[in-house]
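Structure first, commentary second.
In structure tokens, the structure reads:
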């Protein structure tokens with residue numbers, strides 16, 4: 001039996017916890033290379049072990065990345081256990097950590113020493129943006145010592161930089177002061193004192209959770225100074241958990257619009273549900289299921305008393321498959337009735353791809369959302385004094401929609417499906433020319449009908465060109481408002497508390513409820529700016545979320561004091 005040991009020497013300044021994590025990652029990689037499948041990991045760092053086992057949460061961005069790497073490596077083993085042990089029980093590792101020259105091999109121990117040469121990039125380098133965002137404050141070093149020593153004894157040989165800096169400082173009663181441009185004297189404080197001052201100014205008894213520049217102004221006005229005051233104040237304010245939770249919801253789009261264009265009829269449908277509708281119809285219908293074809297804009301809709309996967313399947317089969325054939329894709333939201341096991345199995349049976357849109361982002365399923373708006377608006381104008389008879393009016397609303405020109409195609413859905421315009425009631429009441437001459441054989445009516453059918457393909461190509469031009473106009477207008485925002489796997493983010501979550505989140509605080517919750521970790525990046533999240537405890541969220549409803553998480557400066 002061989003005992004494998006290694007020592008991690010780093011030129012970078014690491015906290016104890018970061019060094020523990022990096023050593024653990026290297027150890028797991030070594031075990032994986034040796035094809036070890038059953039592993040026990042023991043460590044005397046209570047924080048690291050309990051973060052891995054889920055007993056503690058991990059908010060620090062750098063430690064969070066390292067924690068994710070450990071969990072990923074742990075999945076490579078058939079069985080792995082993490083145990084916390086006392087420092088006295090970890091004497092070998094402690095001895096290695098305290099020796100600067102190498103590893104002492106006890107006499108009589110058959111020990112193999114492995115020299116590890118940077119098996120991976122350190123996380124602060126690999127994730128370049130993280131270290132800049134995290135505020136690491138070292139309170140162990142007092143920046144005033146060199147200046148105070150020089151002012152106390154100017155005859156001692158001192159670095160030129162310190163001598164030049166000392167021109168603006170004076171010693172009074174043992175305290176160091178900086179001379180401000182307006183002649184006032186500002187008391188110089190250490191890093192530890194600056195943390196207390198920023199805490200009191202920002203969130204103390206008279207603190208108003210103000211921004212960094214305002215904090216800096218208040219601190220100087222009250223007569224305090226340290227060299228990095230502006231940067232520290234800005235990052236302190238950014239890292240304030242309450243400020244982040246209660247910050248305004250960002251309304252601007254975070255990703256450029258990507259239009260969906262199906263170049264042929266009935267290849268792609270969008271399906272959505274309207275409801276729960278109040279009042280219910282006289283037959284107790286409370287929902288309307290709506291389907292719209294992306295190309296022709298043809299719409300099917302029926303009222304429902306309740307919603308279930310079976311009703312969704314029956315609707316797809318009767319109103320889409322049996323009338324227009326098997327589509328390539330069906331776009332739905334993330335409701336369980338559209339994504340349940342029965343619906344997925346039915347779609348797979350016919351080779352239909354189910355695409356999901358993200359919650360509260362209408363652009364992801366804009367076609368059916370637009371149709372829903374028209375149906376609801378038209379119904380509300382037609383029901384009059386009979387609000388419970390809306391189910392009888394629904395077919396008439398669909399007829400009006402199908403025979404109206406769509407802005408995107410410049411033609412009616414009826415014409416794109418059947419090749420000619422529908423005969424409307426107005427043409428019967430006041431006969432139009434085509435109705436009056438319908439049975440006149442001299443006009444060669446049959447030949448005219450054939451010409452209409454032959455011209456259908458050209459009409460559809462014209463509609464496609466119109467649709468593409470209209471989509472480009474919408475994209476240009478939409479993309480002007482975009483404020484690009486992107487995240488990488490492993491990033492910590494805040495998530496907007498959406499209406500779908502508000503009932504369970506706002507019960508306790510009511511009017512004073514926060515706008516954001518978290519932090520969450522990005523675990524997967526989807527197309528068009530959507531993301532999958534998990535909590536810091538590792539619980540994966542079922543629903544994806546658009547980047548519009550996410551913002552970067554900044555750790556509190558108190559988490560990073562070393």
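In UniProt numbering, the protein residues as written are 1 to 562.
From the three backbone atoms N, C-alpha and C, an ideal C-beta is built for every residue, glycine too.
Given the structure is predicted, the values throughout are model-derived calculations rather than measurements.
In the three-state DSSP reduction, residue 518 falls in the strand class (E or B). Counting the other CB atoms within 10 Å of its CB gives residue 516 a total of 16 or more, which places it among the buried residues. Taking the CA atoms as reference points, residue 238 sits about 8 angstroms from residue 556. In this structure, residue 315 sits away from residue 264, with a CB-CB distance that is not shorter than 8 angstroms. In the structure shown, residue 202 falls within a helical segment according to DSSP collapsed to helix, strand and coil. For residue 552, the enclosing beta strand (DSSP E) has its first and last residue at 550-552.
Burial of residue 64 is indicated by the presence of at least 16 other C-beta atoms within 10 angstroms of its C-beta. The C-beta of residue 394 has 16 or more other C-beta atoms within 10 Å across all chains shown, which makes the residue buried.
The shortest CA-to-CA distance from residue 18 to any of 83, 47, 30 is the one to 47.
In the DSSP assignment, residue 245 is bridged to no other residue. Excluding its 5 nearest sequence neighbours in each direction, residue 267 has C-beta neighbours in its own chain below 8 angstroms: 294, 295, 327, 328, 329, listed in chain order. Contact annotation, residue 522 with residue 540: C-beta distance approximately 11 angstroms; criterion of less than 8 angstroms not satisfied. Distance from the Cα of residue 198 is smallest, within the candidate group 217, 186, 184, for 217. Exposed is the label assigned to residue 86, since fewer than 16 other Cβ atoms lie within 10 Å of its Cβ. Taken through DSSP and simplified to helix, strand or coil, residue 546 comes out as strand. Taking every protein chain shown into account, the CB of residue 497 has 16 or more other CB atoms within 10 angstroms, so this residue is buried. In the displayed model, residue 86 falls within coil according to three-state DSSP, outside both helix and strand. The three-state secondary structure of residue 303, taken from DSSP, is strand.
Assigned with DSSP and collapsed to three states, residue 266 falls in coil, not helix or strand.
Under the three-state reduction of DSSP output, residue 185 falls in the strand class. With 16 or more neighbouring CB atoms inside 10 Å of its own CB, residue 297 falls in the buried class. With a cutoff of 8 angstroms on beta-carbon distance, residue 409 and residue 424 are scored as not near each other.
Counting along the chain, the unbroken alpha helix (DSSP H) around residue 339 starts and ends at 336-339.
Beta-bridge partners assigned by DSSP to residue 42: 83. Membership of residue 175 in the beta strand (DSSP E) is indicated by the continuous run 175-179. DSSP, read as helix, strand or coil, puts residue 77 in coil. Per the DSSP secondary-structure output, residue 532 pairs in a beta bridge with 524.
In the DSSP assignment, residue 25 falls within the alpha helix (DSSP H) that extends over 16-33.
Inter-segment contact for the stretch 213-231 and the stretch 250-259 is absent: fewer than three beta-carbon pairs are separated by less than 8 angstroms.
In the three-state reduction of the DSSP assignment, residue 153 falls in the coil class, being assigned neither a helical nor a strand state. C-alpha of residue 399 to C-alpha of residue 547: approximately 38 angstroms in a straight line. Between residue 57 and residue 252, the C-beta spacing is not below 8 angstroms.
Per DSSP, residue 414 lies in no beta strand (DSSP E) segment; the continuous alpha helix (DSSP H) that holds it begins and ends at 413-418.
Per DSSP, reduced to three states, the secondary structure at residue 331 is strand. Here the alpha carbon of residue 215 sits roughly 12 angstroms from the alpha carbon of residue 225. Contact fails between the stretch 340-358 and the stretch 239-247, because fewer than three Cβ pairs, one in each stretch, are under 8 angstroms apart.
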